[in-house]
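Presented below is the structure to which this report refers.
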Amino acid sequence: MSTDDRYPPDASSARVAREALASAVRADNVAEVRSVLHQYPALKAGLDDPMQPDHAFGATPLLAAVYNGNREMVDVLLHAGASIDARSHWWAGGFGVLDAEGDLAPFLIERGATIDIHAAARLGMLEKVTELLSTGPELVHARGGDGQ
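For what it's worth, this note's numbering labels the leading residue of the sequence shown as -5, then goes sequentially.
Here it is, written out as structure tokens:
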């Protein structure tokens, strides 16, 4: 499916749909996110794309919901088809859901978020860090979402 097939037929409608979703996510308005996804079901195919207009670090709607600490919105977006492991679209690298500050990490892991070396270290998961390094010692040099 091409990007153009995911959205309403004309570019103006597609832009309006993406902006409506981004606005609802930024406003932390779960009811409006549900409404926009219902009104524009084709948006579901693009939930792992960066929010429009540009959002911090090329964040996807799911990442924005995590940054807002909104569990209900996270569940709505996951149910709509967002990938829990989608990363932001930033030039230096990409941030994932477990890179966000806050108390949602156990909630996100329970829903299937992959624990990479940076997330394991940030979350104080020493056994997971040891496990990851024992199977992939090169991870000691793995770059994070900030490119470092």
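Yeah, the Cβ is synthetic: ideal placement off N, Cα and C, and Gly gets one too. These figures come from a predicted structure and were not determined experimentally.
Pick from the options: whose alpha carbon is nearest that of residue i?
i: Ala107; options: Leu15, Leu92 and Ala58; result: Leu92
i: Arg143; options: His73, Asn62 and Arg9; result: The structure shown does not extend to residue 143, since the chain is modelled only from -5 through 142, so no value can be given for it.
i: Asp79; options: Asp110, Ser6, Gly63 and Gly52; result: Asp110
i: Pro100; options: Arg65, Glu132 and Leu41; result: Arg65
i: Val60; options: His32, Val134, Ala39 and Phe89; result: Phe89
i: Ala76; options: Asn23, His135, Leu102 and Gly96; result: Leu102
i: Leu15; options: Met45, Ser7 and Ala39; result: Met45
i: Thr71; options: Ser7, Leu120, Gly130 and Pro35; result: Reading off the sequence shown, one finds Leu at residue 71, where the question assumed Thr. The shortest Cα separation from Leu71 among Ser7, Leu120, Gly130 and Pro35 belongs to Pro35.
i: Ala8; options: Ala25, Val24, Ala39 and Asp22; result: Ala39
i: Gly138; options: Asp42, Leu56 and Arg116; result: Arg116
i: Leu37; options: Arg12, Phe51, Leu56 and Asp22; result: Arg12
For residue i and residue j, which I take to be in contact (beta-carbon distance under 8 Å), what is that distance rounded to the nearest angstrom?
i: Ser29; j: Thr54; result: That pair is no contact at about 19 Å.
i: Val10; j: Ala18; result: Val10 to Ala18, Cβ: 13 Å. No contact.
i: Ala136; j: His112; result: 7 Å
Over the uninterrupted alpha helix (DSSP H) stretch that includes residue i, give me the two end residues.
i: His32; result: Val24 to Gln33
i: Thr54; result: From DSSP, Thr54 is part of no alpha helix (DSSP H); its letter is neither H nor E.
i: His125; result: In the sequence as presented, His is not what sits at residue 125; that position holds Glu. Note, Glu125: alpha helix (DSSP H), Leu120 to Thr129.
i: Val91; result: Looking at the DSSP string, Val91 is not in any alpha helix (DSSP H), and its letter there is neither H nor E.
i: Met67; result: Arg65 to Ala74
i: Gln112; result: The sequence as given places His at residue 112; Gln does not occur at that position. Note, His112: alpha helix (DSSP H), Ile111 to Arg116.
i: Pro100; result: Ala99 to Glu104
My output table needs one value for residue i: the three-state DSSP class, helix, strand or coil.
i: Asp79; result: coil
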